[in-house]
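What follows is a short report on a single structure.
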Amino acid sequence: MTQWEYLTAPVLVHSTKAILDNFGRDGWELVQIVPGMNPENLVAYFKRPVEGS
Numbered sequence: 082m083t084q085w086e087y088l089t090a091p092v093l094v095h096s097t098k099a100i101l102d103n104f105g106r107d108g109w110e111l112v113q114i115v116p117g118m119n120p121e122n123l124v125a126y127f128k129r130p131v132e133g134s
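Those letters in the sequence shown? Residues 82 to 134, by this note's numbering.
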């Protein structure tokens with residue numbers, strides 16, 4: 082069975098694509114993105130398989 086690791090990260094709305102592309106290149110898959118504490122921030126939830134699992 083696949084084991085997963087998870088990451089929560091802030092995302093600035095003015096550079097969303099660049100930030101998400103960087104996480105994707107590191108193997109992170111976006112699970113959900115929700116509004117942050119202010120209108121210029123989002124919170125992204127990612128997952129990726131644990132290496133060797």
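Backbone N, C-alpha and C fix where the C-beta goes; we use that ideal spot for every residue, glycine too. Since the structure is predicted, the reported quantities are computational estimates derived from the model, not experimental observations.
For THR89, the three-state secondary structure derived from DSSP is strand.
Take LEU101, set aside five residues on each side of it, and the residues of its chain with a beta-carbon closer than 8 Å to its own are VAL92, LEU111 and ALA125, in chain order. For the 8 Å CB-CB criterion, PHE127 and ALA90 form a contact.
DSSP places VAL115 in the strand class (E or B) of the three-state scheme.
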